[in-house]
Each structure stands twice: as structure tokens, then as C-alpha cells.
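Read top to bottom, the protein sequences are chains A and B.
Using our numbering, the first residue of the first sequence is number 1194, and each one after it goes up by one.
Using our numbering, the first residue of the second sequence is number 29, and each one after it goes up by one.
Every residue, glycine too, gets a C-beta built ideally from N, C-alpha and C.
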Amino acid sequence: MKVLIAVDMEGISGVVDRSHVDRTTAEYQRFRKLMTEDVNAAIRGAHKAGADEIVVSDGHGGARNILLEELDPLARLNSGSRVPMQMLQGIDKGVDAVLFVGYHAMHGTQNAILSHTMSSAKIGNLWINDRVTGEIGLNAGICGFYNVPVLMISSDQTACAEAEQFIPGIEKAVVKIANSRTAAELLPLKESQALIEATAEKAVRRFIAGTAPKPYVVSGQVQVKIEFFHAALADSASLLPGATRLDGRTVAFETSNMLEAGLTFGAAVSVA
Amino acid sequence: MKILIADDMEGISGVVDWRHVGDDPGEYARFRHIMTGDVNAAVRGAFKGGADEVVVSDGHGSGRNVLVEELDRRAKLNSGSPSPFSMVSGIDQNVDALMYVGYHARKGTLHAILCHTWTGSVRNVFVNGLHVGEIGLNGLVAGHFNVPLIMISSDLAGCNEALDLVPGLETVAVKKATGRFAAEVLQIEEAQARIEAAAEKAVLRFKNGDHGAPLKTNYPVKVRLEFDSADLADGAAQLPGCTRVDGRTIEFTAPDMPSAHRSFRAAATLSR
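Spelled out as C-alpha cells, the structure:
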């Protein structure tokens, strides 16, 4: 059984502030270590439950955050950016199930650490077929395109609740209780990592037993509607083939499936 | 008769270095003034030749180079970026003929000042197999609206590139390059007198029907885009619907030349 662990940074144990996830700061060096430890906890749990192949995909920023020298040797690592599958590099390579570690809530969510949708400088809202969607729903939808279920998430309580909306029954490791966008009550690290390990183990056991959540499948044609922070960003995104300008801040694309939808959204964020 | 003057900066009188066109603030300030002088010379010539309306579209960088306070008061100015037709902003507004001022040769040309194609990252562009730089790309967009190119000011290599596309075009070589950053340059006064005379003659010839045909290509348009290195093509390959040809190359098909131009601009942005 092959498990892909897709990792982001805002929902990692202890993270509450932008300085923690910004590679130009000294704080970042602390948190990339904690990020690696959260990932190791998920690897241990998945392995205990019976995963025999584990791939970790670093999905934060330029995807050069996880410390390879501290990563559990059971796993292989996808590192570096500008890859076809973005935050889910490797999803097209025969993966059976996905775990989200360190994910975060969509932009504009109350009480959610560093909530944003792909770019905290550009994106106000993303709709997939009229459903407001963040990175959790978007990436779960891309997994769904490959008929792969997302079994677990580790994050704050709000992102975990968001995941439940898209993937009913998903296993959740709530490693912090956010009180604002940049403040949270944090579990002690040992407890947090033990929780991630136990959650990953349970999630994979459920998958093997056939009781895991179903893949989040968005079938048929997919409309991507993006509201940018301001009109200049939408001006630039409108250069992409197939773009329809809906109003000053909003651009829409009709795509043929959820994978194309996800990749088009990624391109629009980059070009804006 | 309405004339659109599309300007760029690398082919402006006296320019031989990136410092002149933006990299050095002091030098850039000198050359914006000279750029405005070259543009004014073309405006004067166009009106002398019989134009009723002259619009200038500032096409260098973000389109904020021409000094509006020094611009001939009879001309209108398109400034700022992005705009729907970019360097030929306004080409869809009932323009009769197009002039280039300060244009430059495509990337890789022998003895051509600051030769490049749009960004630093693009190596070669082929439109339906035709090897083009900015002269050809923007000229083909003008051709979509049946607008012929009637004059260019540039260095000798830029003028020759334009002549290959539009035989008999009025040209003003304000400098003869001996390298990418070295040229024998005309004195400013002499260069601007020649630009004025060429613009006047171009408009007179246009009135008499003595001009080249608008640049056209078959639709749909197949664009092949080679970048300097594979990481740049990795980024550009995010363009929805494109095909990765090899390490440095992508291809895409667009229904018409304005769409091809937008996709090209998006791909150039995505490559960085």
C-alpha cells in the first residue's frame, strides 16, 4: 500500500505567525524542524498501520522546507517547486491514499491560523462549481480525480472542520485551537506529535479495513471562479487562455475536469 | 487618418546598455527624456505627412517611460500595464497604420543592441513556423486588425529584421551595433531629424497606397516557445492547454493572433 503525505506549513504544530513559515526569518529554521517532526509522526503512524511505501511531498512555498537529514528513512521525499502536480507531486504515480499534514483553512476563515488560499497576497476567494473552496478542497478534488481518498488532516480546529465539510469522516489531528488568524492554544509538542502518529495509524487502518472516507470526486466539467484582491491581479490572470472576466476582481475558467481545474487555478495565481 | 506609434526603449537614439533602459536610475532618467524626443520626432513627422490623430503606446517594461509632460501636445498616450494588447495598446481602435519607435531585434541576433524577445527568459519564438521577435509578434497583432506597419526606428539589425517581414518599409537606423552592448550612434539631433523625415514619408506613402501589406498568419495559430533553460519551461508549462515539446520548449495553439499574443505573454510571466 502506497501512501502520499502532502505537507504544508501553516498547520504544523506550534505555528501561529507568518514569521514561522517565511524562509527569510530565523524563526523559520525552528519551525521547519517541527514540520519535519510532524511529518515523521505521520510516517510512523502510516507505517505501523501497514503502509509499505510512503512518499512525502513538500507543498509549502518553494517546497524546500522539510529537513531531509531528519526525515524518517522509511519515506521518500518530493522536494522543489515548479512540478506538474504542485502540492500533490506524485499523486499520479499509483498512490492508494493521501494524508494532509500541516494544512490550513481557506482565506477569510475566522479563527484559523494563517488562513489563505494559495496566495495570501492575491486570492480573496476560490469557487469550484460555485462551492467556496480552499487548498483542502482543491487538493482533495485533485486526489479525487485519481480516485484517491484523503484519509486524515493535521491542522487547527477550523481547518479540520473545513476538511470534514469536504470529506465527511476524515480523521483529524487538531494540534492547535486558533483564537484568531495569528493566535492559538497549542498542544505540547510531544502530545501533538503523538496525536498525529495515532491519527495516521487509525486513518490507514480504516483504509485497509474499507471504512475510510470515499475520494472527493468532482465529476464532469468544472468551473473555476477566482476573486482576486484587486483588479490589476485579475487583469494579469485574464491573459490565460479560456479566461472570462466576470467583474473587476473576478475571473472564471471552464475546465474539463478537476485536475485541469486545479492546474488552471495554479497558473492563474502564478500569472496574476 | 489615425496613426499608432508603438514605442520601445532599446532602439532609442543613444541607448546601448541595460543601464540606459532601467537598470541605473540616473541613466534611465536621461534616456526617458531622449525616448520622448524620439517619439516626438515621429509624432511631428506623422502630422506633417497628414495624420489627423496620433496615439502613442508606451511599450517598454510597464509602459511608464515616456514623459507625458514633454510629449507633443497633439498626441494621446497609452501608459501603464497590463493592457489588452500590451505593446500595441489601442490597435483595435480604428487605427490606419502602425509605426515602431525604439524597437529592437529578437534574441540572439548578431550585432543588435539589447536584442531580446519580451523577457530575459525567452530564447526563440515561432509563430506558425515563422521566427519572430517583438517586431513580428506585435506586427502580427496589428495585422489581425488589418493595420500595416509603415515605419521603424531601431538599430540597423532591428531595421533589417523589420524589412524581412515588410519589404520596402521606411526605416531609420539610429545606431549601428558592433555588439549587443556597443554601437556607433548618431547624434541625437541627427537621429531625431531622420525619424521625423521617415515618419512623414511613411505617412505620405501610406496615403498613396505605397506601403507593405498588414502582417498576417494562418488561423489557428501554432506558437512554439523556446526558453533559455528547462526550469523556465517548467514554469511556462503551467499555461493551460500547452504541450511540452522538450526541456526548453513548449507549444500551444490559439484561435487568432490576439489570443496567441495573450498566451505568449502569460507563458513568459509563468516562466519566471
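Whole-angstrom distance between residue j and residue i, CA atom to CA atom
{"i": "N1271 (chain A)", "j": "G1334 (chain A)", "result": "20 Å"}
{"i": "K1407 (chain A)", "j": "V1341 (chain A)", "result": "8 Å"}
{"i": "N122 (chain B)", "j": "F1458 (chain A)", "result": "35 Å"}
{"i": "A1244 (chain A)", "j": "D1289 (chain A)", "result": "10 Å"}
{"i": "M63 (chain B)", "j": "D1440 (chain A)", "result": "36 Å"}
{"i": "G1413 (chain A)", "j": "I1419 (chain A)", "result": "19 Å"}
{"i": "Q1282 (chain A)", "j": "S1250 (chain A)", "result": "6 Å"}
{"i": "A219 (chain B)", "j": "G73 (chain B)", "result": "13 Å"}
{"i": "Y1296 (chain A)", "j": "T271 (chain B)", "result": "31 Å"}
{"i": "S107 (chain B)", "j": "G91 (chain B)", "result": "5 Å"}
{"i": "A1268 (chain A)", "j": "L1260 (chain A)", "result": "12 Å"}
{"i": "L1452 (chain A)", "j": "Q266 (chain B)", "result": "12 Å"}
{"i": "H1399 (chain A)", "j": "A1405 (chain A)", "result": "Checking the sequence shown, residue 1399 (chain A) turns out to be Arg, not His. Each residue's Cα considered, the two are about 5 Å apart."}
{"i": "L298 (chain B)", "j": "E1384 (chain A)", "result": "42 Å"}
{"i": "L1382 (chain A)", "j": "K1395 (chain A)", "result": "20 Å"}
{"i": "F176 (chain B)", "j": "V231 (chain B)", "result": "The residue you asked about is not Phe; residue 176 (chain B) is Pro in the sequence shown. One C-alpha to the other measures close to 11 Å."}
Minimum Cβ-Cβ distance from residue i to chain B less than 8 Å
{"i": "D1285 (chain A)", "result": "no"}
{"i": "V1442 (chain A)", "result": "Here residue 1442 (chain A) is Arg; the residue named in the question, Val, does not match the sequence. Not an interface residue."}
{"i": "L1292 (chain A)", "result": "no"}
{"i": "F1417 (chain A)", "result": "The sequence as given places Val at residue 1417 (chain A); Phe does not occur at that position. Judged by the 8 Å Cβ criterion, V1417 (chain A) is not in contact with chain B."}
{"i": "L1433 (chain A)", "result": "yes"}
{"i": "G1459 (chain A)", "result": "yes"}
{"i": "R1399 (chain A)", "result": "no"}
{"i": "L1452 (chain A)", "result": "no"}
{"i": "D1251 (chain A)", "result": "no"}
{"i": "S1463 (chain A)", "result": "yes"}
{"i": "D1215 (chain A)", "result": "no"}
{"i": "L1379 (chain A)", "result": "no"}
{"i": "S1429 (chain A)", "result": "yes"}
{"i": "T1257 (chain A)", "result": "Contrary to the premise, residue 1257 (chain A) reads as Arg rather than Thr in this sequence. No - not a single Cβ of chain B is within 8 Å of the one on R1257 (chain A)."}
{"i": "R1237 (chain A)", "result": "no"}
{"i": "A1324 (chain A)", "result": "It should be noted that the sequence gives Arg, not Ala, for residue 1324 (chain A). False, the Cβ-Cβ gap to chain B never drops below 8 Å."}
{"i": "R1275 (chain A)", "result": "yes"}
{"i": "L1270 (chain A)", "result": "no"}
C-beta neighbour in chain A for residue i, strict 8 Å
{"i": "L267 (chain B)", "result": "yes"}
{"i": "P110 (chain B)", "result": "yes"}
{"i": "T297 (chain B)", "result": "yes"}
{"i": "A282 (chain B)", "result": "yes"}
{"i": "D259 (chain B)", "result": "yes"}
{"i": "S117 (chain B)", "result": "no"}
{"i": "A294 (chain B)", "result": "yes"}
{"i": "S182 (chain B)", "result": "no"}
{"i": "S291 (chain B)", "result": "yes"}
{"i": "G263 (chain B)", "result": "yes"}
{"i": "S287 (chain B)", "result": "yes"}
Residue nearest to residue i in terms of C-alpha spacing, selected from the options
{"i": "V116 (chain B)", "options": "B:P283, B:V84, B:G186, B:N188", "result": "B:V84"}
{"i": "L1433 (chain A)", "options": "B:K30, B:G108, B:P112", "result": "B:P112"}
{"i": "E212 (chain B)", "options": "B:S299, B:D36, B:S41, B:I31", "result": "B:S41"}
{"i": "Y1221 (chain A)", "options": "A:R1257, A:A1199, A:E1246, A:E1420", "result": "A:R1257"}
{"i": "I1329 (chain A)", "options": "A:A1314, A:G1317, A:H1309", "result": "A:H1309"}
{"i": "D238 (chain B)", "options": "B:P283, B:K229, B:G186", "result": "B:K229"}
{"i": "E1262 (chain A)", "options": "A:E1394, A:G1403, A:R1399, A:T1229", "result": "A:T1229"}
{"i": "P110 (chain B)", "options": "A:A1424, A:P1266, A:A1377, A:N1450", "result": "A:A1424"}
{"i": "A1352 (chain A)", "options": "A:A1377, A:F1338, A:C1336, A:L1264", "result": "A:A1377"}
{"i": "M1311 (chain A)", "options": "A:A1305, A:N1304, A:Q1303, A:A1298", "result": "A:A1298"}
{"i": "R276 (chain B)", "options": "B:I119, B:G50, B:N152", "result": "B:N152"}
{"i": "P248 (chain B)", "options": "B:A258, B:T281, B:G263", "result": "B:T281"}
{"i": "L1197 (chain A)", "options": "A:V1214, A:M1278, A:R1216", "result": "A:M1278"}
{"i": "L126 (chain B)", "options": "B:N174, B:G207, B:A57, B:G136", "result": "B:N174"}
{"i": "D100 (chain B)", "options": "B:G136, B:H61, B:T137", "result": "B:H61"}
{"i": "A1242 (chain A)", "options": "A:A1393, A:A1454, A:V1410, A:R1438", "result": "A:A1393"}
{"i": "V94 (chain B)", "options": "B:F75, B:G118, B:V49, B:G77", "result": "B:V49"}
{"i": "E97 (chain B)", "options": "B:G65, B:D124, B:R300, B:L138", "result": "B:G65"}
{"i": "M1194 (chain A)", "options": "A:V1367, A:A1460, A:A1239, A:V1411", "result": "A:A1239"}
Residue i: CB within 7 Å of a non-hydrogen atom of the ligand ZN
{"i": "V1411 (chain A)", "result": "Absent from the structure shown: the ligand ZN. Ligands present: none."}
Q) Counting pairs of Cβ atoms below 8 Å between the stretch 195 to 203 of chain B and the stretch 157 to 168 of chain B, do you hit three or more? A) No: the two stretches stay apart, fewer than three of their Cβ pairs being nearer than 8 Å.
Q) Do the stretch 1368 to 1375 of chain A and the stretch 1320 to 1335 of chain A make contact, defined as three or more Cβ pairs closer than 8 Å? A) Taking 8 Å as the limit for Cβ pairs, the verdict is that the stretch 1320 to 1335 of chain A does not touch the stretch 1368 to 1375 of chain A.
Q: Taking 8 Å as the threshold, find out whether the stretch 1444 to 1464 of chain A comes into contact with the stretch 132 to 146 of chain B through three or more Cβ pairs.
A: Fewer than three pairs of CB atoms, one per stretch, sit closer than 8 Å, so the stretch 1444 to 1464 of chain A makes no contact with the stretch 132 to 146 of chain B.
Q. Per the contact definition of three or more C-beta pairs closer than 8 Å, is the stretch 1264 to 1278 of chain A in contact with the stretch 1344 to 1351 of chain A?
A. Touching, no.
Q | 3-residue-minimum beta strand (DSSP E) runs that sit fully inside the stretch 167 to 218 of chain B, ordered along the chain | A | Fully enclosed beta strand (DSSP E) runs of no fewer than 3 residues occupy 177 to 183, 198 to 207, 210 to 213 of the stretch 167 to 218 of chain B, in order along the chain.
Q: Spell out a yes or no on whether the stretch 182 to 201 of chain B and the stretch 135 to 152 of chain B are touching, meaning 3 or more CB-CB pairs, one atom from each, closer than 8 Å.
A: Touching, yes.
Q.
Whether or not the stretch 244 to 257 of chain B and the stretch 82 to 101 of chain B are in contact is what I'm after, with contact meaning three or more pairs of Cβ atoms, one per stretch, closer than 8 Å; do they touch?
A. With contact defined as three or more Cβ pairs closer than 8 Å, the stretch 82 to 101 of chain B and the stretch 244 to 257 of chain B are not in contact.
Q | Segment contact flag, the stretch 191 to 200 of chain B with the stretch 278 to 296 of chain B, C-beta cutoff 8 Å, min 3 pairs | A | When C-beta atoms of the stretch 191 to 200 of chain B are compared with those of the stretch 278 to 296 of chain B, fewer than three pairs fall below 8 Å, so the two segments do not count as touching.
Q) Can you list, in chain order, the stretches of the beta strand (DSSP E) that have 3 or more residues and sit fully within the stretch 50 to 114 of chain B? A) Those beta strand (DSSP E) runs which fall completely within the stretch 50 to 114 of chain B and span 3+ residues are 81 to 86, 104 to 106.
(Q) Threshold first: 3 residues or longer. Then list the beta strand (DSSP E) segments lying entirely within the stretch 1426 to 1460 of chain A, N to C. (A) Listed in chain order, they are 1437 to 1440, 1443 to 1448.
Q. Mind pulling the alpha helix (DSSP H) runs of 4 or more residues that sit fully within the stretch 1322 to 1346 of chain A?
A. Correct list: 1328 to 1338.
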